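S.K.: Sharing a structure, written as structure tokens. Questions coming.
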Amino acid sequence: MPVNVAEFAAQLKVAPGQVLAQLNDLGVEVTNGSFEADSDLLELLREAIGTGSGDSKTISLPHGRSPRDIAAALGVSDKEVLTALIKKFKKMVTLTTVLEDEMAEKLVAEFGFKLEWAQPVANRPSASKVAKGGKHPRPPVVTILGHVDHGKTSLLDYIRKANVADKEHGGITQHIGAYQVTMGDGVITFLDTPGHAAFTAMRARGAQVTDIAILVVAADDGIMPQTIEAITHAKNAGVPIIVAANKIDKPAANLDKVLQALPQHELVPSEYGGDITVCPVSAHTGEGVPHLLEMILLQADVMELQADPKGEFEGVVIEAKLERGRGPVATVLVEEGTLKSGDVVVVGKTWGKIKAMNDYAGKPLKEAGPSVPVEILGINDVPMAGDAVIVVKDERAARSLTDERLEEERQRNVVGPKKKMTLRDLRNHLQAEEIKDLNLIIKADVQGSVEAVRGLIEKIESDEVNVKILLSGVGNVTESDVNLAAASNAICVGFGVKPEAKAKSEAERQKVEIRTYNIIYELIEDIEAAVKGMLEPKFEEEYHGTVEIRAVFKLTKAGKVAGSHVTDGKILRNDKVRVKRGTELVYEGTVDSLKNVKQDVREMFAGQDCGVKFTGWEDFKEGDVIEAYELVQID
Ligand code: GDP
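See the structure below:
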């Protein structure tokens with residue numbers, strides 16, 4: 001029967017962590033807070049744990065516990081326990097190292113609890129080795145972020161040269177978008193397209209492969225605008241950050257300055273009691289790099305990254321290109337399962353049978369397991385970075401799945417791609433209780449305006465909507481801003497800036513709203529109105545055509561008609577018009593009727609003659625020029 005951990009713990013008057021620790025010890029799997037138990041197992045647990053006094057300051061554990069067991073019993077994170085061990089007791093251990101009793105007692109005391117030793121649990125064959133699925137630890141996948149020129153590429157190069165896992169081929173590493181290094185027993189996968197643009201572009205496509213972000217900060221330069229952007233991107237993705245304070249070989253390097261500046265960006269270094277690891281390094285001399293790699297492995301250990309090499313294959317494209325003589329080549333990162341040469345894969349909207357598979361050093365591979373980046377050859381077309389890769393039974397299955405996907409896409413395009421969040425439809429979302437957050441990305445011309453806009457937006461109050469600024473900075477709206485917006489359902493707001501051409505096309509493709517303003521109060525009013533669900537629709541003129549008045553006809557009953565000729569584009573019966581005499585605007589209004597000879601018509605095109613009447617205006621003259629347009633709602 002299923003037993004709820006929390007309820008069982010409450011019965012025994014102990015912390016749920018203690019029950020979990022015992023269950024873990026017995027190898028009993030816990031799913032969704034419950035475990036399968038018979039009366040024997042429950043009895044055993046009661047015996048082992050004993051009934052607590054209800055005193056929340058005492059925990060009871062059997063001897064021979066590891067930091068992970070203690071963290072679970074205390075209800076704190078693994079990392080907190082490891083940090084305490086390193087800081088207070090100068091003890092560098094892994095999460096699963098068994099601690100001496102005295103150490104364990106001190107450690108527990110450090111968290112304000114008293115440790116009571118419980119009876120050891122007898123080994124119960126039935127409960128002991130319950131398999132926990134086929135999950136195994138897997139190497140962390142790491143991305144390097146940071147400001148331009150702070151040394152991202154240099155650091156990646158240094159690490160690659162010094163630590164590549166494949167020593168034999170290490171000297172001739174080629175660029176496939178990712179590589180692996182070894183450090184003692186540990187392996188780390190680095191994505192070697194540095195910078196947050198690639199990172200966020202992948203995320204916008206729904207692929208999040210990065211486990212840990214390394215934030216490179218040049219110690220002689222400190223935190224710069226792109227450093228802040230990188231922090232925001234990593235935080236929005238929920239990826240833990242390790243800081244590499246680079247260029248410490250330089251005389252001008254000032255580590256303290258970096259340490260002091262980080263807390264302003266909600267990264268509190270462990271030196272100041274926070275949980276952010278800062279590693280001083282030099283990509284030139286290599287100083288500190290081994291320590292950085294160790295810290296990455298430690299972080300990975302804490303995160304308990306796991307995958308099942310025997311599970312169903314899942315992978316993602318890191319990079320893809322067309323190479324002369326080789327055809328479409330894609331670098332795939334294995335997420336689950338194992339990829340084998342000869343497998344038939346469906347990659348995004350294309351497919352193929354893998355005819356060759358190489359590692360980052362160009363060495364042929366037969367198989368690749370979790371977190372391994374491989375270059376694959378044999379697919380029919382070049383996929384996109386972020387595309388998912390799956391293995392299918394045979395070529396027929398691949399073809400039919402790809403056809404299905406293409407058809408789906410075609411359908412989507414007919415209907416139009418799904419619109420992301422816009423200010424105008426905020427109210428509908430709210431009514432449907434779909435969202436509670438309005439996520440914004442703010443770009444402005446100067447730092448002063450950024451601060452001003454931020455300040456005013458932060459003052460907007462609403463019971464229903466949380467207005468959240470995901471990123472703010474100086475400069476035009478860029479492609480990576482749009483990608484971030486797409487990934488987090490945000491709106492890009494520009495003040496005194498424009499979207500870059502790439503950003504504009506990407507926004508159109510991904511249906512991200514970009515709003516630009518030159519007057520700060522219009523910006524604030526719009527956001528306020530949107531939050532209150534009262535945003536007026538916005539219209540834009542859509543040019544239809546130019547029409548020349550060539551004769552004026554007087555009809556006795558129906559008044560005057562402008563005998564006209566469409567010189568460009570078209571004119572529609574319900575169009576709005578502006579009539580100009582030379583440069584002077586003589587009329588602004590709407591078309592009342594549009595005729596071809598005597599027939600009413602809906603529209604007339606360039607080269608055609610027509611009779612036009614205007615609403616409430618007849619003072620037109622031969623030679624007047626009509627500009628026809630329509631007002632289209634743009635949001
Ligand atoms: P990226 O734009 O962040 O990829 O930066 P790069 O790796 O291209 O480095 C920018 C410049 O800083 C180059 O001239 C590098 O040689 C230099 N650089 C990078 N790391 C170090 C370092 O640790 N020490 C010193 N002295 N210079 C470095």
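In case it helps, my numbering puts the sequence shown at residues 1 to 635.
Beta carbons are placed, not taken as given, at the ideal position from N, Cα and C, and that holds for glycine.
Predicted model, so just to flag it, every value in this text is computed and none were measured.
(1) From the DSSP output, read off the bridge partner residues of F614.
(2) Report the option in H544, G273, E458, F553 whose CA atom is closest to the CA atom of R578.
(3) Only counting the same chain, and skipping five residues up and downstream in sequence, which positions put a Cβ closer than 6 Å to that of R405?
(4) Please classify P125 as buried or exposed, where buried requires at least 16 other C-beta atoms within 10 Å of its C-beta.
(5) What does DSSP give as the partner residues of D437 in its beta bridges?
(6) How many whole angstroms separate the CB atoms of A162 and G362, which I take to be in contact at a CB cut-off of 8 Å?
(7) Along the chain, where does the alpha helix (DSSP H) containing D40 start, and where does it finish?
(8) Pull up the DSSP beta-bridge partners for Y179, would you.
(9) With a 10 Å radius around its C-beta and 16 neighbouring C-beta atoms as the bar for buried, classify Y521 as buried or exposed.
(10) Could you tell me which of G195, R581, M224, K595 sits nearest to E622, measuring between CA atoms?
(11) Which residue's Cα is closest to the Cα of R573: D600, A9, K114?
(12) May I ask you to check if the CB of T153 is nearer than 6 Å to at least one heavy atom of the ligand GDP?
(13) Ordered along the chain, which non-local residues of its own chain (more than five positions away) have a Cβ less than 7 Å from that of L322?
(14) Using 6 Å as the cut-off, classify the Cβ of V148 as near or not near the heavy atoms of the ligand GDP, replying yes or no.
(15) With the cut-off set at 7 Å, would you say G146 and A230 are in Cβ contact?
(16) Using beta-carbon positions only, say whether T331 and E319 come within less than 7 Å of one another.
(17) Taking the straight line between their C-alpha atoms, what separation do you get for D38 and L215?
(18) Can you name, in chain order, every residue of its own chain whose Cβ lies under 8 Å from the Cβ of I159, other than the five neighbours on each side?
(19) Which residues bound the beta strand (DSSP E) around K355?
(20) I need the boundaries of the alpha helix (DSSP H) containing Q260, first residue and last residue.
(21) Tell me which residues share the same chain as L631 and place their Cβ nearer than 7 Å to its Cβ, disregarding the 5 neighbours each side in the sequence.
(22) Pick from L333, A485, L298: whose alpha carbon is nearest that of L438?
(23) If you draw a straight line from the C-alpha of P344 to the C-alpha of D387, how long is it?
(24) Ordered along the chain, which non-local residues of its own chain (more than five positions away) have a Cβ less than 6 Å from that of L507?
(25) So what's M295 in DSSP terms, helix, strand or just coil?
(26) Does DSSP classify G416 as helix, strand or coil?
(27) Does the beta carbon of K250 fall short of 6 Å from some heavy atom of the ligand GDP?
(28) Measure the alpha-carbon distance for G222 versus E116 and round it to whole angstroms.
(29) What is the rounded straight-line gap between the Cα of V636 and the Cα of I228?
(30) What residues match up with H136 in a beta bridge as DSSP calls it?
(31) With V148 and T210 assumed to form a contact (beta carbons below 8 Å), what rounded beta-carbon distance in angstroms separates them?
(32) Any heavy atom of the ligand GDP closer than 6 Å to the Cβ of H196?
(33) Taking its Cβ as the centre, do 16 or more other Cβ atoms sit within 10 Å of E335, making it buried, or is it exposed?
(34) Do K560 and E627 have their C-beta atoms closer together than 7 Å?
(35) For R515, does the three-state DSSP call read helix, strand or coil?
(36) Can you grab the Cα-Cα spacing for the pair M202 / G589, in whole Å?
M.R.: Result, derived from the coordinates:
(1) V591, W617
(2) H544
(3) K349
(4) Unreliable placement is indicated for P125, whose pLDDT of 30 sits below 50; the coordinate value is still reported in the next sentence. So P125 counts as exposed.
(5) N466
(6) Not a contact, Cβ separation roughly 19 Å.
(7) 39–49
(8) F190
(9) exposed
(10) R581
(11) D600
(12) yes
(13) P328, V382
(14) yes
(15) yes
(16) yes
(17) 50 Å
(18) V181, F190, V289, L293
(19) 350–358
(20) 255–261
(21) F539, E541, K576
(22) A485
(23) It should be pointed out that residue 344 corresponds to Val in this sequence rather than to Pro. Answer to the nearest angstrom: the Cα atoms are 16 Å apart.
(24) Contrary to the premise, residue 507 reads as Ala rather than Leu in this sequence. Here the set comprises V482, I514.
(25) helix
(26) Reliability of the predicted coordinates at G416 is poor, the pLDDT of 48 falling under 50, and the value obtained from them is presented with this limitation in mind. In this structure, G416 counts as coil in the three-state DSSP scheme.
(27) yes
(28) 48 Å
(29) Residue coverage of the chain in this structure runs from 1 to 635, which leaves residue 636 outside it and unanswerable.
(30) A307
(31) 20 Å between Cβ atoms; not a contact.
(32) no
(33) buried
(34) no
(35) strand
(36) 49 Å
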